[in-house]
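What follows is a set of notes on a single structure, which appears directly below.
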Amino acid sequence: GTRRDTERFYKALEARFELKDPTYLTPDSHITYVGFDIRMELRNGVPWYTMDQHTAMKEFLVEKGVKPSKGISCPMPKAKGLYEDSPLLDEDKAKEYRSSVGTLNFFAQATRYDIAHAMSRLGQHMAKPTEASNKALQKVLKYLGANPELQLEGTRPKVDTYRFYSDSDHAGDRPATT
């Protein structure tokens, strides 16, 4: 809604409930909400909006001990390596693997579409993670350390109509063997 409509809405809520002051997105004020950073900037007088998870991603990578690096342009290793016959992780490492894949799935679904395919493949190993799948996970973490600043951006459309297309069988989603 418009700023006026939004303010009217908050005034009506305030009549019944105790509220904190609302935060409005402006070029001088960004909003951080459940791990998302949302910003607005003017480019040639046109508002552009960005959404990212830089702060949450950085905290996650620090927690995992991932140092910033350069030169990693792809998050996924060769698929064949992921399916090598390698030993299963011990229970502590398997728990860490599952936790990391779960967190990275959140990032992949929200703003980091560049790691979505890798996370889909790593998710196939959640029940019995192996040394090979953990090695692939470490490459995704290093990729994120090398490419932390990706974000979604765009202008506000005049009409809120979107069209989406999908490959209905997801390219025969089968384990990669080569």
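The sequence shown begins at 57 in the working numbering and counts up by one.
Glycine included, every Cβ here is placed at the ideal spot set by N, Cα and C.
Backbone secondary structure at residue i - three-state DSSP
| i | result |
| --- | --- |
| F162 | helix |
| N100 | coil |
| E205 | coil |
| D93 | strand |
| S85 | strand |
| V157 | helix |
| L197 | helix |
| Y139 | coil |
| Y105 | strand |
Contacts around residue i, its chain only, beta-carbon distance under 6 angstroms, and the 5 residues preceding and following it disregarded
| i | result |
| --- | --- |
| P124 | G201 |
| N203 | none |
Neighbourhood of residue i by C-beta distance below 7 angstroms, restricted to the same chain and skipping five residues each side
| i | result |
| --- | --- |
| M182 | R154 and V157 |
| M113 | F163, L200 and P204 |
| L145 | Y153, P185, T186, E187 and N190 |
| H173 | M132 |
Neighbourhood of residue i by C-beta distance below 8 angstroms, restricted to the same chain and skipping five residues each side
| i | result |
| --- | --- |
| W104 | M96, E97, L98, E209, G210 and T211 |
| L69 | L75 |
| Q109 | G91, F92, D93, F163, A166, T167 and R168 |
| K214 | none |
| A192 | M132, P133, G137, L138, A174, R177 and L178 |
| D216 | none |
| V102 | T211 |
| K120 | S156 and L197 |
Span of the beta strand (DSSP E), counted from its first residue to its last, around residue i
| i | result |
| --- | --- |
| T111 | First-last for T111: H110 to E119, but that is the alpha helix (DSSP H), not the beta strand (DSSP E). |
Nearest residue (CA-CA) to residue i, options the options
| i | options | result |
| --- | --- | --- |
| E115 | L160, Y80 and I87 | L160 |
| K184 | G127, A172, P213 and S142 | S142 |
| H86 | L144, G137 and M107 | M107 |
| I128 | L81, V196 and G57 | V196 |
| G137 | R177, Y221 and Y66 | R177 |
| D77 | T62, D84 and P83 | T62 |
| R59 | Y80, R72, K126 and F73 | Y80 |
| P83 | K67, N100, A71 and C130 | N100 |
| C130 | Y218, Q180, Q194 and R72 | Q194 |
| Y89 | G57, T111, A71 and F73 | T111 |
Residue i, enclosing alpha helix (DSSP H) - first and last residue
| i | result |
| --- | --- |
| R59 | R59 to R72 |
| S176 | A172 to G179 |
| K76 | Per DSSP, K76 belongs to no alpha helix (DSSP H) and is neither H nor E. |
Assumed close pair residue i, residue j - CB separation to whole angstroms, cut-off 8 angstroms
| i | j | result |
| --- | --- | --- |
| K198 | V122 | 7 angstroms |
| D148 | L206 | Contact doesn't hold; Cβ gap of about 31 angstroms is too wide. |
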